[in-house]
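With the first letter of the sequence shown counted as 1, position 131 gets the number 131 in full-length UniProt numbering; the numbers rise by one all the way through.
Working notes, beginning with the structure itself.
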Amino acid sequence: MKTFIEQARFYAQYHQKTATFYTHIIGVPLIILSLMILLGFVRLVIPPNVLNISFADIATLLLWIYYMRLNWRLGLLILPVLVILLWIANLITYAGLTSGAFWTFVVLFVLGWLLQLAGHFIEGRRPALIDNFYQALVAPLYLTAEVCFMAGYMQPLKQAMHGASDTTDRTEIVTKDPE
1 MKTFIEQARF YAQYHQKTAT FYTHIIGVPL IILSLMILLG FVRLVIPPNV LNISFADIAT
61 LLLWIYYMRL NWRLGLLILP VLVILLWIAN LITYAGLTSG AFWTFVVLFV LGWLLQLAGH
121 FIEGRRPALI DNFYQALVAP LYLTAEVCFM AGYMQPLKQA MHGASDTTDR TEIVTKDPE
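This is the structure we're talking about:
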């Protein structure tokens, strides 16, 4: 398994512009939520009330374990986001595959991907997952790291990911005074 820094460096090559970051910071959670909804339609049930768990629950747990193996600090930071998204997905899929739940999945999935594609159109590069599918799994953790960097945290990780020639400095957006 490649380290998080190796994967993040690869991912960063495809995400240099600030506009791409902002389309992804909205689009990636929408796609995650939509996939949680889709996986929430499938449940593993062992009666009588021994086990009732959705595939979304299982997939989220496995994803979080993967994130903890990549970088435990970022894994802990992304956990509340994953839990909130899973909670929303479980609320939507609680009644099963309803028309409303299905269309919620479709709208969120399409909107998330439209934002992703808009970001890559602005970037002028194709998505990283076309060259390496695992980048789709790394994207949420990468974005978590970038938010930490914007807040001034985890600077050694930022240096390891971006090096001295960091072209993805987004702090000017947070600290710049509007005129």
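Even for Gly, the Cβ is constructed at its ideal location relative to N, Cα and C.
Candidates the options, of which the one nearest residue i by Cα
i, options, result
"Phe55", "Leu74, Leu35, Tyr11 and Asn49", "Leu35"
"Val147", "Leu74, Arg43 and Pro48", "Leu74"
"Thr3", "Ala151, Leu97, Ile53 and Val138", "Val138"
Rounded separation between residue i and residue j - CA only
i, j, result
"Leu85", "Ala118", "23 Å"
"Leu38", "Phe105", "7 Å"
"Thr20", "Glu123", "6 Å"
"Leu82", "Leu62", "11 Å"
"Trp103", "Pro156", "43 Å"
"Val45", "Met1", "33 Å"
"Asp166", "Tyr153", "Low confidence applies to Asp166: its pLDDT is 49, below 50, so where it sits in the model is not reliable enough to give any reading."
"Ile26", "Ala59", "21 Å"
"Ala41", "Trp64", "The identity of residue 41 in the sequence shown is Phe, whereas the question assumes Ala. Taking the straight line joining both Cα atoms gives about 20 Å."
"Asp57", "Gln116", "25 Å"
Which residues DSSP lists as bridging residue i, in chain order
i, result
"Val107", "None; Val107 has no bridge partner."
"Val45", "Asn52"
Rounded distance between the beta-carbons of residue j and residue i, thought under 8 Å
i, j, result
"Leu129", "Asn71", "Their Cβ separation, rounded to whole angstroms, is 19 Å, which puts Leu129 and Asn71 out of contact at 8 Å."
"Tyr11", "Gln135", "5 Å"
"Ile78", "Tyr67", "6 Å"
Residue i and residue j closer than 9 Å at C-beta
i, j, result
"Leu30", "Leu143", "no"
"Arg43", "His162", "no"
Residue i CB to nearest heavy atom of the ligand MN below 8 Å
i, result
"Met161", "For the ligand MN, the structure offers nothing, since it holds no ligand at all."
Closer than 9 Å to chain C by CB, residue i
i, result
"Ile88", "Looking for chain C here will not work: only one protein chain is present."
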